[in-house]
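A.B. asks: Under the working numbering, the first residue of the sequence shown is numbered 15, with each subsequent residue one higher. All C-beta atoms, glycine included, are put in the ideal place defined by N, C-alpha and C.
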Amino acid sequence: MRNTRTILALSGVTVLAAGAAVLLPGTAQARPASVACDETALVTAVTAANAAGGGTVTLTPGCTYVLTAGHGDDGVNGPAGLPVITTPVTLEGNANTITRAGTAPAFRIAQVGPTGGLTLKAVTLSGGHAAATGHNNGGGILSSGAVTLTGSQLSGNTADGLGGALSSTGTASAATLTSSTVKSNTAHQGAGIASVNGTLTLTSSVVNANTATVNPGGIYYTAGSATLNTSTVTANIATNCTGSPSPVPGCIG
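Pasting the structure below:
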């Protein structure tokens with residue numbers, strides 16, 4: 015007499031009965047298709063995620079997305095390379111870079127509105143330049159919402175004002191960096207990070223070799239809260255955190 019065996023699998027239910035196998039529908043979902051390694055495709059995908067109320071944009075592994083023009087502008091803060099993030103959007107990367115073309119006009123890479131959230135996973139943002147008159151903060155990212163970096167990097171960005179890599183401003187703003195790096199950015203002040211009235215949390219992260227005209231070069235912080243967990247702020251010019259309106263706990267120099 016034949017035995018009847020039932021095997022449950024994560025990707026579905028497989029029933030082996032009397033030597034026959036039948037695959038029943040399961041709940042597992044296929045990984046989303048990657049966005050083509052192309053400026054237009056990336057902008058279209060971010061626009062669609064915003065329109066859908068949020069979502070994940072999966073990038074082509076190893077691709078460098080080169081932005082030749084600004085595609086976002088709220089009419090107040092100057093141009094951004096990506097559409098302004100107004101909903102929770104995740105850029106799911108795998109050794110990816112999003113950068114401004116060297117011949118392109120000045121624009122920051124991303125702007126996050128107060129209702130938005132930008133999460134970067136294994137993504138580098140570089141080459142952004144915030145230079146709009148009176149609205150020149152946040153060369154890499156300007157945020158009044160939520161920014162989360164995991165295994166990511168902000169490098170080679172410039173702000174003519176505050177926050178060469180990141181400017182996070184407002185009581186609704188929160189910047190959370192985990193296993194991430196902020197390096198080689200420049201600004202008038204706070205070349206690495208500027209956090210004003212919001213929440214700043216760094217865990218196992220590095221703020222290094224950023225250069226500001228006015229102290230501090232590493233982290234500029236005022237009000238709100240700032241927490242450094244096993245994170246380092248080093249070799250920033252002219253200082254790491256000295257000169258910040260509020261002291262940055264755990265930051266030396």
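1. Among ASN151, ALA226 and GLY238, whose alpha-carbon lies nearest the alpha-carbon of THR312?
2. Rounded to a whole number of angstroms, what is the C-alpha to C-alpha distance between SER194 and ASN222?
3. What's the gap between the Cα of THR199 and the Cα of SER218?
4. When DSSP builds the beta bridges, which residues end up paired with SER181?
5. Measure the CB-CB distance between VAL137 and SER166 and report whether it falls below 7 Å.
6. Who does ALA144 pair with in a DSSP beta bridge?
7. ILE207 and ILE233 look like a contact to me (Cβ under 8 Å); what is the Cβ gap, rounded to whole Å?
8. With a threshold of 16 other CB atoms inside 10 Å of the CB of THR20, please say whether the residue is buried or exposed.
9. Taking the straight line between their C-alpha atoms, what separation do you get for LEU163 and TYR235?
10. For LEU73, does the three-state DSSP call read helix, strand or coil?
11. Assuming the contact rule is C-beta atoms closer than 8 Å, GLY177 and GLY152 should be a hit. Round their C-beta distance to whole Å, please.
12. Give me the residue from LEU132, SER209 and CYS77 with the minimum Cα distance to PRO261.
13. My guess is that ASN171 and GLY154 are in contact by the Cβ rule of under 8 Å, so how many angstroms apart are they, rounded?
14. Roughly how far, in whole angstroms, is the beta-carbon of GLY204 from the beta-carbon of GLY142, given that I think they are within contact range, below 8 Å?
15. Between the alpha carbons of ALA65 and ALA59, how many angstroms are there, rounded?
16. Locate the beta strand (DSSP E) running through THR111, then write down its first and last residues.
17. Would you mind sorting ASN243 into buried or exposed? The rule is 16 or more other CB atoms within 10 Å of its CB.
C.D. replies: On the basis of the supplied data:
1. The structure shown does not extend to residue 312, since the chain is modelled only from 15 to 267, so the question has no answer here.
2. Here residue 194 refers to the residue found at position 180 of the sequence shown. Here residue 222 refers to the residue found at position 208 of the sequence shown. Their Cα atoms are separated by approximately 11 Å.
3. Counting from one through the sequence shown, the residue named residue 199 turns up at place 185. Counting from one through the sequence shown, the residue named residue 218 turns up at place 204. Reading the sequence as shown, one finds Asn at residue 199 and not Thr. So the alpha carbons of these two residues sit roughly 19 Å apart.
4. Here residue 181 corresponds to residue number 167 of the sequence shown, with the count starting at 1. Partner(s): LEU156 and ALA208.
5. Numbered from 1 along the sequence shown, position 123 holds the residue referred to as residue 137. Numbered from 1 along the sequence shown, position 152 holds the residue referred to as residue 166. Yes.
6. As a first step, residue 144 is located in the sequence shown; it is residue number 130 there, counting from the start. ALA173, per the DSSP bridge assignment.
7. As a position in the sequence shown, residue 207 is number 193, starting the count at 1. As a position in the sequence shown, residue 233 is number 219, starting the count at 1. Yes, they are in contact, since the Cβ atoms of ILE207 and ILE233 sit about 5 Å apart, within 8 Å.
8. If you number the sequence shown from 1, residue 20 lands on position 6. For THR20, the predicted model reports a pLDDT of 37, less than 50, meaning its position is unreliable; a value from the coordinates is still stated below. Exposed, since its Cβ has fewer than 16 Cβ neighbours within 10 Å.
9. Within the sequence shown, residue 163 is the residue found at index 149, counting from 1. Within the sequence shown, residue 235 is the residue found at index 221, counting from 1. Cα to Cα, the separation comes out at about 18 Å.
10. Here residue 73 refers to the residue found at position 59 when the sequence shown is read from its first residue. Strand at LEU73.
11. Taking the sequence shown and counting its residues from 1, the one referred to as residue 177 is at position 163. Taking the sequence shown and counting its residues from 1, the one referred to as residue 152 is at position 138. Right, their Cβ atoms sit about 5 Å apart.
12. Numbered from its first residue, the sequence shown carries residue 261 at position 247. Cα-wise, what sits closest to PRO261 is SER209.
13. Here residue 171 is taken as the residue at index 157 of the sequence shown, counted from 1. Here residue 154 is taken as the residue at index 140 of the sequence shown, counted from 1. That belief holds up - the Cβ atoms of ASN171 and GLY154 are roughly 4 Å apart, short of 8 Å.
14. As a first step, residue 204 must be located in the sequence shown, where it is residue number 190. As a first step, residue 142 must be located in the sequence shown, where it is residue number 128. Incorrect: roughly 15 Å between the Cβ atoms, too far for contact.
15. The residue labelled residue 65 in the question sits at position 51 within the sequence shown. The residue labelled residue 59 in the question sits at position 45 within the sequence shown. Looking at the two C-alpha atoms, the distance is approximately 10 Å.
16. Here residue 111 refers to the residue found at position 97 when the sequence shown is read from its first residue. Note, THR111: beta strand (DSSP E), 102-114.
17. As a working note, residue 243 is residue 229 in the sequence shown. Exposed, because fewer than 16 other Cβ atoms sit within 10 Å of the Cβ of ASN243.
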